[in-house]
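Heads up: the structure comes next, in structure tokens.
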Amino acid sequence: GVAPPAERRSRQAEAGEVVKAFGEFVAKLEAIRKSHAFLATHLKRVEEMMTRFPIDPARIDEIALALDSGDEKGIFGSSPVEALDALGKELARIDRTDGTRLSKESRLTLVTCQVVVAAMRRLFAGEKVADAAKAEDIREAGRRAWEMGGPTAAILDRCSPKIQEVVSLTKP
182 GVAPPAERRS RQAEAGEVVK AFGEFVAKLE AIRKSHAFLA THLKRVEEMM
232 TRFPIDPARI DEIALALDSG DEKGIFGSSP VEALDALGKE LARIDRTDGT
282 RLSKESRLTL VTCQVVVAAM RRLFAGEKVA DAAKAEDIRE AGRRAWEMGG
332 PTAAILDRCS PKIQEVVSLT KP
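Counting along the sequence shown from 1, when you hit position 138 you're at 319 in the numbering used here, and nothing is skipped either side.
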């Protein structure tokens with residue numbers, strides 16, 4: 182089965198400690214005798230495998246929570262559209278750099294945040310719900326979310342009815 186994010190992080194930390202100990206062991210053997218090259222090769226393969234573990238960047242969860250800030254200016258400061266542009270760029274950067282390594286849950290949270298941020302930006306800029314839902318960035322993020330089983334309800338439940346409507350209009 183799929184481990185929840187907290188358990189996954191714990192398992193990855195344990196695996197990291199084992200790999201570190203194995204690396205120290207290989208280094209000690211190499212210092213004594215140079216004929217253990219196969220161990221170094223094996224260590225390299227194990228270290229490479231560690232880079233394939235799914236990750237759950239905390240920043241995605243921070244952005245998801247910040248979208249529903251109780252502060253009247255929230256994360257947006259004096260210019261909501263500029264702040265949402267910046268968030269959209271940050272989410273796109275995370276998607277580009279870590280997207281393939283994200284766990285399923287983090288990937289769905291990321292895509293849900295992308296569609297919500299894009300919808301908020303367009304609505305703040307004065308677009309109507311139907312027009313915003315037709316925008317390519319929103320349709321693409323919505324499509325990706327629906328392909329993964331639908332946007333994260335915990336995020337959408339905190340959004341305004343207009344945002345929820347934009348997201349629902351992306352459903353195939």
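Don't be surprised by glycine CBs; every beta carbon is placed ideally from N, CA and C. Computed from a prediction, not measured in an experiment: that's the story for all the values here.
- Going by DSSP, D276 is part of the alpha helix (DSSP H) stretching over P261 to D279.
- M301 counts as buried, since at least 16 other C-beta atoms from the protein chains shown sit within 10 angstroms of its C-beta.
- If the five residues before and after S287 are omitted, its C-beta is found closer than 6 Å to the C-beta atoms of D237 and I241, all from its own chain and listed in chain order.
- DSSP places L283 in the strand class (E or B) of the three-state scheme.
- In this model, F206 and A221 are separated by some 10 Å (Cα to Cα).
- For A326 and L304, the gap between their C-alpha atoms comes out near 20 Å.
- Q295 is positioned such that its CB atom lies closer than 7 Å to that of A322.
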